[in-house]
Amino acid sequence: MEHDQTRKRTAISEAPAPVVPITLRGISDPVGLALFKITYGLYIVTSRLGERLNGQCCNTLFQITENPRRIAIGINKKNLTYEYITKSGVFATTVLGTDGHPLVGRFGYRSGREIDKFAGLSYLLAEHTGCPVVLPGIAFIECRVRPEMTVDAGTHSLFVADVLGAGILHDGEPLTYAYYRATKSLVPQTYKG
Ligand SMILES: Cc1cc2nc3c(=O)[nH]c(=O)nc-3n(C[C@H](O)[C@H](O)[C@H](O)COP(=O)(O)O)c2cc1C
């Protein structure tokens, strides 16, 4: 009998710790906190309308199929970049490296309706679309939107697009949203709109 009880206690102590909902620890927005645990990279998505160039910071970008190669981006309908992508049907994206904070600041907080985000900036024009690729970045991808695959997601549209061309700009680690959040206070904010 004694022996049995010892075995029972051991079994209980080896059981996995119960999951404690975060709400019980006094954190009020568990859904928001959980969503922040989704991993993202950071990108500058650009487009053009004739000679006019614009771009924005974007975290909602991912490869969706390998054959054919397609990526998807989530873009707010109020953004000037949304207007340019919708009208031109093309965009390019620069994959930011861990030195990309100044470009997030330049492209992510103000609209091209107020400022020329390309003034004084180094950039290339991508071969197939003529969309700007901002420097410094670690890679670029240029794309044509498949309009029949665009999804209206309310405030944003999800554009699915064929990859027309891409290349490496220089070696480096991609900038993740988590790394950006953890380090942005360490980088001088002089660049920010
Ligand atoms: C870190 C970061 C990530 C962002 N991700 C997105 C995104 O995925 N989609 C989007 O529509 N806007 C995103 N934004 C907001 C746009 O970059 C911002 O509204 C920009 O000013 C729009 O510029 P535009 O009007 O010149 O196109 C992000 C901003 C930051 C700072």
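Sequential numbering from 1483 applies to the sequence shown in our numbering. Glycine included, C-beta positions come from ideal geometry on N, C-alpha and C.
Quick check on this structure: which residue in the options has the alpha carbon closest to the alpha carbon of residue i?
| i | options | result |
| --- | --- | --- |
| G1556 | P1550, R1588, I1567 and A1497 | I1567 |
| V1527 | D1581, A1601, T1665 and F1641 | F1641 |
| S1667 | E1630, V1586 and P1656 | V1586 |
| L1524 | G1537, Y1564 and N1541 | N1541 |
When the Cα atoms are used, what is the spatial distance from residue i to residue j?
| i | j | result |
| --- | --- | --- |
| M1483 | A1499 | Bear in mind that a pLDDT of 43 at M1483, under 50, signals an unreliable position, so the model cannot answer this. |
| D1644 | A1635 | 20 Å |
| L1562 | A1497 | 54 Å |
| H1652 | P1618 | 8 Å |
| S1510 | K1519 | 16 Å |
| R1551 | C1613 | 19 Å |
| I1650 | L1515 | 34 Å |
| Y1662 | H1610 | 31 Å |
| I1553 | V1577 | 13 Å |
| G1594 | M1631 | 26 Å |
| T1637 | K1560 | 8 Å |
| P1584 | T1547 | 31 Å |
| L1606 | V1513 | 40 Å |
Tell me which residues share the same chain as residue i and place their Cβ nearer than 8 Å to its Cβ, disregarding the 5 neighbours each side in the sequence.
| i | result |
| --- | --- |
| S1648 | Correcting the residue type first, residue 1648 is Ala in the shown sequence and not Ser. Excluding sequence neighbours, A1648 sits near A1621, F1622, I1623 and E1624. |
| D1486 | Because the pLDDT at D1486 is just 49, under 50, the model does not fix this residue reliably, and the point stays unresolved. |
Given the structure, does residue i come close to ligand 1, in the sense that its CB is under 7 Å from one of the ligand's heavy atoms?
| i | result |
| --- | --- |
| F1641 | no |
| T1568 | no |
| H1661 | Reading off the sequence, residue 1661 comes out as Tyr, not His. No. |
| G1619 | no |
| N1536 | yes |
| I1557 | yes |
| H1583 | no |
| R1628 | no |
| Y1591 | yes |
| T1580 | no |
Measure how close the beta-carbons of residue i and residue j come, nearest whole angstrom, since I'm counting them as under 8 Å.
| i | j | result |
| --- | --- | --- |
| G1654 | T1575 | Contact doesn't hold; Cβ gap of about 16 Å is too wide. |
| V1572 | R1626 | 5 Å |
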